Amino acid sequence: MSERSPPRRLPPMNALRAFDAVARCGSILKAADELGVVRGAIRQQLAVLETFFGIALFQRDGRRLVLTEKGRTFADSVGIAFGILARASAVVVAGERRTLRLGVPSAFAVWWLMPRVAELQAALPEVDVDIIPMATVEPLARHPDLDAVIMGGEYRPASDITAIRFMEDEFGPVAAPDLAARLDLSAGVEALAGAVALSSRSAPRLWDDWFAESGHAPIRFARNREFEDLLLSIGAARSGIGIAIAPRTAIGEDIDRGALAAPFGFIRRPAGYSLGIRSGDAKDAAFARLAEWLVGEGQSGNTEELKKHR
1 MSERSPPRRL PPMNALRAFD AVARCGSILK AADELGVVRG AIRQQLAVLE TFFGIALFQR
61 DGRRLVLTEK GRTFADSVGI AFGILARASA VVVAGERRTL RLGVPSAFAV WWLMPRVAEL
121 QAALPEVDVD IIPMATVEPL ARHPDLDAVI MGGEYRPASD ITAIRFMEDE FGPVAAPDLA
181 ARLDLSAGVE ALAGAVALSS RSAPRLWDDW FAESGHAPIR FARNREFEDL LLSIGAARSG
241 IGIAIAPRTA IGEDIDRGAL AAPFGFIRRP AGYSLGIRSG DAKDAAFARL AEWLVGEGQS
301 GNTEELKKHR
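Using full-length UniProt numbering, you'd call the opening residue of the sequence shown number 1 and step up by one each time.
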């Protein structure tokens, strides 16, 4: 009979919960609201945790608390651990069916995933896939409440996260046809100088990425407007307010029916789209079927786009 190793000494659970909440929320006040306690209780638990380790996990930047390098690494691991516990608890109380919470960028959910949701459910008949739109796309490590996320090319997976690439994509500037003609965008990229550039907080680097990957020198726009979500910036472009930068998956139908024009075409985003899951879930049958379905649909979608635009 093998001897069991003695249990490892772990930090107090209440201290871990407070630390996780502050790391995710970015403030003691928001963490206190989430946990239903006063701010002093949160500060006390953070002190308990730092005393336990003998190191600082946060440092002050003005009035803000900022994670130290070790604190950030520990926060990622704590988030993963709480996510595992939450999912394990759900399995204990659930019946034969299970729910998989999938975080998806809002634009991608509306224009690509939701039209295919019936096929997705058929591919996972014993799993309810709960699609959670994400206005601000954040890594899975910051969302212990989610089981997986779909991320675009700007995503870089963290440790303990497995990224499964399932689809390529292209992106480029889009505008209402009347605005494109009025600005004479057919004359070249330099004509963008007279335009209002539309961007979103959910994908803030798309314009920078497009200039870098297209080989064009950055342009100083007449004005810049930022929206909370990519869907809103695309809607603003459709109404003629300015020019948005968008993935083809989000606006393919608009291009086909003439609601939007792509005056400079599209360029490929090498990273495409990936499914991010916790490495411990990689062999789980439900996640494997989800990844298999996404890969199949991604390949099918790319083939259809190639045929359509030949």
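Heads up, the beta-carbon is just placed ideally off N, CA and C, and yes, glycines get one too. Here the structure is a predicted model, which is why all the values come from computation and not from measurement.
> Does the distance from the CB of Gly-152 to the CB of Phe-264 come in under 8 angstroms?
Replying inline: Within the sequence shown, the letter at position 152 stands for residue 152. Within the sequence shown, the letter at position 264 stands for residue 264. For Gly-152 and Phe-264, no; Cβs fall outside 8 angstroms.
>> Suppose you measure from the CA of Glu-168 to the CA of Val-37; what does that come to, to the nearest Å?
In response: Reading the sequence shown from its first residue, position 168 is the one you call residue 168. Reading the sequence shown from its first residue, position 37 is the one you call residue 37. Near 46 angstroms, if we compare the C-alpha coordinates of Val-37 and Glu-168.
> Could you give the C-beta distance for Ala-197 and Ile-243, rounded to a whole number, given that I count them as a contact under 8 angstroms?
Replying inline: Stepping through the sequence shown from its first residue, residue 197 is reached at position 197. Stepping through the sequence shown from its first residue, residue 243 is reached at position 243. That pair is a contact at about 6 angstroms.
>> Considering just the uninterrupted stretch of the alpha helix (DSSP H) at Leu-102, what are its terminal residues?
In response: Start at 1 with the first residue of the sequence shown, and residue 102 comes out as number 102. Unbroken run through Leu-102 is the beta strand (DSSP E), 98-105; no alpha helix (DSSP H).
> Smallest Cα separation from Ala-180: which of Ala-259, Leu-29, Thr-51, Leu-49?
Replying inline: Position 180 of the sequence shown, counted from the first residue, corresponds to residue 180. Of the candidates Ala-259, Leu-29, Thr-51, Leu-49, the one whose C-alpha sits nearest the C-alpha of Ala-180 is Ala-259.
>> As a quick exercise: from Leu-192, Gly-240, Leu-206, pick the residue whose alpha carbon is nearest that of Arg-220.
In response: Within the sequence shown, numbered from 1, the residue matching residue 220 stands at position 220. Taking only the C-alpha atoms, the option nearest Arg-220 is Leu-192.
>> Does the structure place the region 117-134 close enough to the region 234-249 that three or more beta carbon pairs sit under 8 angstroms?
In response: no
>> So, under 8 angstroms CB-CB, Val-22 and Ala-31 are touching, yes? Tell me the CB distance rounded to an integer number of Å.
In response: Within the sequence shown, the letter at position 22 stands for residue 22. Within the sequence shown, the letter at position 31 stands for residue 31. Val-22 to Ala-31, Cβ: 4 angstroms. Contact.
> Is it true that the CB of Ala-148 sits closer than 8 angstroms to the CB of Gly-276?
Replying inline: The count along the sequence shown starts at 1 and reaches residue 276 at position 276. The count along the sequence shown starts at 1 and reaches residue 148 at position 148. The answer is yes: Cβ separation under 8 angstroms.
>> For the structure I just gave you, are there three or more beta carbon pairs, one from the region 181-189 and one from the region 285-301, closer than 8 angstroms?
In response: no
> Going by Cα to Cα distance, which pick from Phe-74, Ala-75, Thr-99 is closest to Arg-86?
Replying inline: Here residue 86 refers to the residue found at position 86 when the sequence shown is read from its first residue. Residue identity differs from the one stated: residue 86 is Ala in this sequence, not Arg. It is Thr-99.
> Nearest to Ile-255 by alpha carbon, out of Trp-293, Gln-299, Gly-298, Ala-176?
Replying inline: Start at 1 with the first residue of the sequence shown, and residue 255 comes out as number 255. Measuring from the Cα of Ile-255, the nearest candidate turns out to be Ala-176.
> Can you list, in chain order, the residues of its chain whose CB lies under 8 angstroms from that of Ser-279, leaving out five sequence neighbours each side?
Replying inline: Position 279 of the sequence shown, counted from the first residue, corresponds to residue 279. Counting only Cβ-Cβ distances below 8 angstroms, and skipping sequence neighbours, we find Asp-160, Ile-161, Thr-162.
>> Please state the DSSP three-state secondary structure of Ala-261.
In response: The residue you call residue 261 lines up with position 261 of the sequence shown. Strand, per DSSP.
> Rounded to whole angstroms, how far is the Cβ of Ile-131 from the Cβ of Ala-107, which I believe are closer than 8 angstroms?
Replying inline: Here residue 131 refers to the residue found at position 131 of the sequence shown. Here residue 107 refers to the residue found at position 107 of the sequence shown. About 13 angstroms separates the two Cβ atoms, so there is no contact after all.
> Does the Cβ of Ile-55 have 16 or more other Cβ atoms within 10 Å, making it buried, or fewer, making it exposed?
Replying inline: As a first step, residue 55 must be located in the sequence shown, where it is residue number 55. Ile-55 comes out exposed.
> Where in the region 126-169 do unbroken runs of the alpha helix (DSSP H), each at least 4 residues long, occur, reported from the N-terminal end onward?
Replying inline: none
> Which two residues bound the contiguous alpha helix (DSSP H) that contains Phe-52?
Replying inline: Taking the sequence shown and counting its residues from 1, the one referred to as residue 52 is at position 52. Taken as a continuous stretch (DSSP letters only), the alpha helix (DSSP H) holding Phe-52 covers 39-53.
> Excluding sequence positions up to five away, which residues of its chain have a Cβ less than 6 angstroms from the Cβ of Trp-210?
Replying inline: Counting from one through the sequence shown, the residue named residue 210 turns up at place 210. Result list for Trp-210: Ile-245, in chain order.
> Which residues in the same chain have their Cβ closer than 6 angstroms to the Cβ of Val-189, if we skip the five residues on either side of it in sequence?
Replying inline: Your numbering for residue 189 matches position 189 in the sequence shown. Contacts found: His-216.
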